[in-house]
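First comes the structure, then the notes that go with it.
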Amino acid sequence: MKRVYVNEKWCLGCHLCEYNCAFAQTGKEDMALALKGKQIHPNIRVEDGDNIHFAVNCRHCDEPLCVKSCITGALSRDENGVITIDKEHCIHCYTCILSCPYGAIVPSEEGAIQKCELCIKTTQGTPRCVAGCPNNAIVFEER
Amino acid sequence: MEYVIIGNSAAAVGCIEGIRQVDQTGGITVISDEKYHTYSRPLISYLLLGETTEANMYYRPADFYKKNNVTFMPGKTVTAIDPKAHQVCLDDGAKISYDKLLYATGSSPFVPQMQGLERVKKQFTFMTLDSAKALDKTLDSSTRVLIVGAGLIGLKCAEGIRHKVADVTVVDLAPNILSSILDDDAAAMMQKHLENHGLRFYLNDSVQQFTEDTATLKSGAQVPFDVVVLAVGVRPNTALLEEAGGKVNRGVVINNKMKTSLPDIYAAGDCTRSHDISSDTDRILALLPNAYMQGETAGINMAGGKAVFDKAIPMNAIGFFGLHIITAGSYTGKAYTKIGENTYKKLFVSDGLLKGYILIGDIDRAGIYTSLIREQTPLSDIDFDLVFEKPGLLAFSREKRAQILGGAK
Ligand SMILES: Cc1cc2nc3c(=O)[nH]c(=O)nc-3n(C[C@H](O)[C@H](O)[C@H](O)COP(=O)(O)OP(=O)(O)OC[C@H]3O[C@@H](n4cnc5c(N)ncnc54)[C@H](O)[C@@H]3O)c2cc1C
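Sequence order for the protein chains is U and R. Under the working numbering, think of the first position of the first sequence as 236, with each following residue one higher. Under the working numbering, think of the first position of the second sequence as 47, with each following residue one higher.
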């Protein structure tokens, strides 16, 4: 399946992917209007070190520990391999946060959890984080 | 191929999904003494809390049995297993034949002997949807509830009912609350939080005698009550398998393919004995993720595939009144501690490996710690100071990151 892959040496640490992710979640037309003055809650997060930057989001694992561990059944893997969250069903126990080896699942403001769903519920096509990356530091492809 | 599963919870669902990865046509029969579509057991406290509804408690969608071509037999109890004849007997006299059997009977509340308990009219355990509904019926704003047991189940129950009753008192023999998952300092922090939300504790104490409406504690304290909830602990349901001649050592003994000592019989979930790799000991791990993964492994093997589950560790994610706890592994070795206001972090290191951790409040990216325990990653391979400060992939080598994030083999 196509996933978001990281080319670490190309990452500038600009954090634009985080803004594009947050923007995609709003479903709005204008990024500045959608995000101005708001704290963003992206599903992709850039880690910064000394001259190292890279983005981390859900790996959509073939053996997803989060899905297997979910105590309510709110997390599932769809027919294409995308791991999605049913926020209505989630009870925010955070067993998925306990389970994800990459730290790619975070609490959400609505009292559930949130994670990358490869934009299948929002903009579809190429995930917005990848589409907006200025330096090909993240790509959407099969590997 | 005919598969039969006793039980209809996390381990059973894991087994069905495991079987169907390998065998899409064999018949699967699920027998359950509970009458419900598979539901998430931990949600019973959220039901009382009003954060979910009975209709929303399903562990898998409504079409789950149909989609997986499962014959579901709710409200039936298996009374015996005949391993020679490859049959199980039901309470209605029916006999059902199997080629492969999964024993996934879970656990039952353990109720210790307590003087005068038989005189208490409104007494409940807290394990099933039926028990939660029965308890709920007795509660109103004047009810005084006494909970015996300050473990995960007792305190989840307390959280679930606190808003609807007059008061909730919790008694436990142990000096600390949540003694199976917290150390002294963490337990003290959580206890304060729970007291701030109106729970009252008698620790290091126990009920010496019940009358109809009052418990006299060993310390001499008198606790008047209307309702008692017994949540001292759970015990694996092993009797049927033991009677059939299977090996049991507190829990059902299984190998890493989830096979029992009896031919063609597998077991998974709370009824089994697990091997905890963080302490290298065998123990009962009554945890939902463990039940699912054991069940899935059993299912794959029952259907002729190959799978092992050999990475069991204790792990818990649990919140009370908005304060979250995540813990995993065993608390042995050198402790690295960082305590803030309403946050608590302790990592335990020995033999160059992360063995366990306790987090309260700030639980961000906790799974990175869990993974270090589960994968037994040598801490010399990572920047431990960095990962202790803030769990992240920055603490790993570039090569490791290229595998995780770049798909490198
Ligand atoms: C209030 C509460 C909160 C919890 N919270 C958490 C949590 O936050 N995280 C976590 O990891 N775990 C939690 N747990 C534990 C979790 O629910 C169990 O680990 C999990 O349900 C185990 O699944 P299982 O399939 O092994 O067995 P069970 O869920 O116990 O199911 C076994 C089923 O088999 C049936 N059965 C038994 N014998 C027979 C028979 N002879 N014939 C027919 N049917 C039979 C039983 O009635 C039962 O329905 C909680 C438990 C409770 C009670």
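Virtual Cβ for every residue (Gly too), placed ideally from N, Cα, C.
Q.
Considering only their Cβ atoms, is the gap separating R/GLY375 from R/GLY407 smaller than 7 Å?
A. no
Q) Roughly how many angstroms lie between the CA atoms of R/PRO437 and U/SER343, to the nearest whole one? A) R/PRO437 and U/SER343: Cα-Cα distance of roughly 19 Å.
Q) Can we count R/LEU334 as close to ligand 1, meaning its CB is less than 6 Å from some heavy atom? A) Yes, ligand 1 has a heavy atom inside 6 Å of this Cβ.
**Q.** Amino acids of chain U, ordered along the chain, whose beta-carbon sits closer than 9 Å to that of R/GLU80
**A.** Simply none; closest approach about 17 Å.
**Q.** Check whether R/GLU258 and R/ARG190 have beta carbons under 7 Å apart
**A.** no
(Q) Could you check if R/GLU80 belongs to the surroundings of ligand 1, using beta carbon to heavy atom distance under 6 Å? (A) yes
Q. The alpha helix (DSSP H) spanning R/LEU425 covers which residue range?
A. Careful: R/LEU425 lies outside any alpha helix (DSSP H) and carries neither H nor E.
Q: For U/LYS303, count neighbouring C-beta atoms within 10 Å of its own C-beta (all shown protein chains included) and say buried if the count is 16 or more, exposed if not.
A: Classification for U/LYS303: buried.
Q. When the cut-off is 7 Å and only beta carbons count, does R/LEU224 lie next to chain U?
A. no
Q: Starting from R/GLY452, follow the alpha helix (DSSP H) in both directions and report where the run begins and ends.
A: Note, R/GLY452: alpha helix (DSSP H), 444-452.
(Q) For R/MET47, would you say it is in contact with chain U, using Cβ-to-Cβ distances shorter than 7 Å as the test? (A) Taking Cβ atoms only, chain U never reaches closer than 7 Å to R/MET47, which makes this a no.
Q) Would DSSP call R/GLU164 helix, strand or coil? A) helix
Q: Between the Cα of R/GLN237 and those of R/LEU451, R/PHE110, R/ILE371, spot the shortest distance and give me the residue it belongs to.
A: R/ILE371
Q.
Check whether the segment 226-234 of chain R and the segment 176-189 of chain R are in contact - that is, three or more C-beta pairs closer than 8 Å.
A. no
Q) Closest to U/ILE306 by CA distance: which of U/ILE275, U/THR330, U/GLY262 is it? A) U/THR330
Q: Drop a sphere of 10 angstroms on the beta-carbon of R/MET103, count the other beta-carbons inside from all chains shown, and report buried for 16 or more, exposed for fewer.
A: buried
Q. Taking any Cβ of chain C, which residues in the segment 98-109 of chain R have a Cβ under 9 Å from it, in chain order?
A. In the structure shown, chain C cannot be found, because the protein chains are U and R.
Q. What do you get for U/LEU247, buried or exposed, if any count of 16 or more other CB atoms within 10 angstroms of its CB means buried?
A. exposed
Q.
Please list, in chain order, the chain U residues whose beta carbon lies closer than 8 Å to that of R/LEU334.
A. SER304, ILE306, THR330
Q | Three CB pairs or more closer than 8 Å across the segment 57-71 of chain R and the segment 343-355 of chain R | A | yes
Q) Which two residues bound the contiguous beta strand (DSSP E) that contains R/HIS370? A) It spans 369-375 - the beta strand (DSSP E) in which R/HIS370 sits, taken as one unbroken run.
Q: Answer with yes or no whether the minimum CB distance from U/PRO336 to chain R is below 7 Å.
A: For U/PRO336, the answer is yes, since a Cβ of chain R falls inside 7 Å of its Cβ.
(Q) Using only the alpha-carbon positions, how far apart do R/LYS179 and R/ASN54 sit? (A) 19 Å
Q: Spatial neighbours of R/SER265 within its chain, please: CB distance less than 6 Å, with the 5 preceding and 5 following residues excluded, ordered by chain position.
A: Closer than 6 Å at Cβ, skipping near neighbours: ASP251.
Q) If you follow the beta strand (DSSP E) that R/LEU147 is part of, which residue opens it and which one closes it? A) 146-149
Q.
Quick check on the DSSP output: what are the complete beta strand (DSSP E) runs of length 3 or more inside the segment 305-387 of chain R, in order along the chain?
A. 311-313, 320-322, 327-329, 361-366, 369-375, 380-386
Q. Could you check where the beta strand (DSSP E) with R/GLN70 kicks off and where it finishes?
A. Premise fails: R/GLN70 is in no beta strand (DSSP E) and is neither H nor E.
(Q) What residue range does the beta strand (DSSP E) around R/MET235 cover? (A) Element bounds for R/MET235: not the beta strand (DSSP E) but the alpha helix (DSSP H), 230-242.
Q) Can you tell me the Cα-Cα spacing of R/PHE172 and R/ARG319, whole angstroms? A) 22 Å
**Q.** Reduced DSSP secondary structure (H/G/I, E/B, other) of U/ARG378
**A.** U/ARG378: coil per DSSP, three-state reduction.
Q | Anticipated Cβ contact below 8 Å, R/SER225 with R/ALA233, distance rounded | A | 7 Å
Q) Heavy atom of ligand 1 less than 6 Å from the Cβ of R/MET173, yes or no? A) yes
Q) Would you say R/ILE74 touches ligand 1, meaning its beta carbon is less than 6 Å from a heavy atom? A) no
Q) Considering R/GLN133, what are the terminal residues of the alpha helix (DSSP H) in which it resides? A) It is not in any alpha helix (DSSP H) - R/GLN133 instead sits in the beta strand (DSSP E) that spans 133-136.
Q. Would you call the CB atoms of R/LEU331 and R/ALA358 closer than 7 Å?
A. yes
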